[in-house]
């Protein structure tokens, strides 16, 4: 809801704010409430763009200005927006992604095709229709129950709640449990390299988004992938950077004691690797990094 509407004021710019929020949801697939940082009072949508979606810098500025809380800095009419959008929307077709439709291009008419200027309507493939032009696409990234093409259904509500409350160790345990579910294994068992390769991309992406968001960029698979690439794939250097031991304890309790479940931990420390198994368990970082690259996560 536009800030001014909570005070009983409704203006044409209020419709544009609602349009902007809808665009954020369609571009990221996430609920708008999870994209707004109440501490810094700003939208954090750029970190969660769907893989394959590329916006020009001008179009990014348009979206930012649509959701500007201040009326003074927000667009006042749809006539201000259309010329910029018309000049900057390009066709992008994500490849190899599940539940992500292509970003379609269609000529944007200056004449509204809906009764109320600035109001979006639903278009093909989950896109919104901005006065005649298909503007954005929607992947499935909601924080509740999700399933992929294999039919695996996961409810992320508990994990999200744990991360919101900064209960990092419990969230790490829950992440392990979810990974076991995805591999169709009993909770508390370990995943081999071959099983990591088969993990569904939509679920890996959701796990990464939740960890990255609620740690404010401190934790997440994308951070671990970035660090692994920065050290040239050297596992001992990777462990040193993220604060992990280079050996693997035999008992789960001993393994848990080697990790620090707080924001004081090094960058990329969590989620931990407690879920990793197999004879060559140390190769998990390479296999996971390759899988994330394949999924378009942290690229």
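Numbering (the working numbering), first residue to last: 230 to 528.
Even for Gly, the Cβ is constructed at its ideal location relative to N, Cα and C.
- Boundaries of the alpha helix (DSSP H) harbouring residue 442: 430-443, taken from the DSSP string.
- Assigned with DSSP and collapsed to three states, residue 512 falls in helix.
- Going by DSSP, residue 382 is part of the beta strand (DSSP E) stretching over 382-384.
- The stretch 496-512 and the stretch 467-474 touch, with no fewer than 3 CB-CB distances between them shorter than 8 Å.
- Per DSSP, the beta-bridge partners of residue 265 are 272.
- The C-alpha of residue 255 is placed about 28 Å away from the C-alpha of residue 426.
- Exclusion of the five residues before and after residue 397 leaves 490, 491 and 499 as the residues of its chain whose Cβ lies within less than 7 Å of its Cβ.
- The C-beta distance from residue 496 to residue 435 rounds to 21 Å, too long to meet the 8 Å contact threshold.
- Distance between residue 239 and residue 249, taken at the CA atoms: about 16 Å.
- Scanning 315, 294, 252 and 385 for the CA closest to the CA of residue 407 turns up 385.
- Inter-residue distance for residue 456 and residue 391 is about 25 Å (C-alpha atoms, whole angstroms).
- Residue environment: residue 508 is assigned as exposed (fewer than 16 neighbouring CB atoms within 10 Å of its CB, all protein chains considered).
- Separation of residue 235 and residue 244 (C-alpha to C-alpha, rounded to the nearest whole angstrom) is 14 Å.
- CA-to-CA, the gap between residue 283 and residue 405 works out to about 32 Å.
- Taking residue 241 as reference, the option from 252, 288 and 301 with the minimal CA-CA separation is 301.
- 438 is the residue among 494, 464 and 438 whose C-alpha sits nearest the C-alpha of residue 521.
- C-alpha of residue 485 to C-alpha of residue 401: approximately 10 Å in a straight line.
- Residue 285 counts as exposed, since fewer than 16 other beta carbons sit within 10 angstroms of its beta carbon.
- In this structure, the CA atom of residue 230 is about 39 Å from the CA atom of residue 409.
- For the pair residue 313 and residue 292, the CB atoms are not nearer than the 8 Å cut-off.
- Distances from the CA of residue 440 to each of 421, 277 and 519 were compared; the closest alpha carbon is that of 277.
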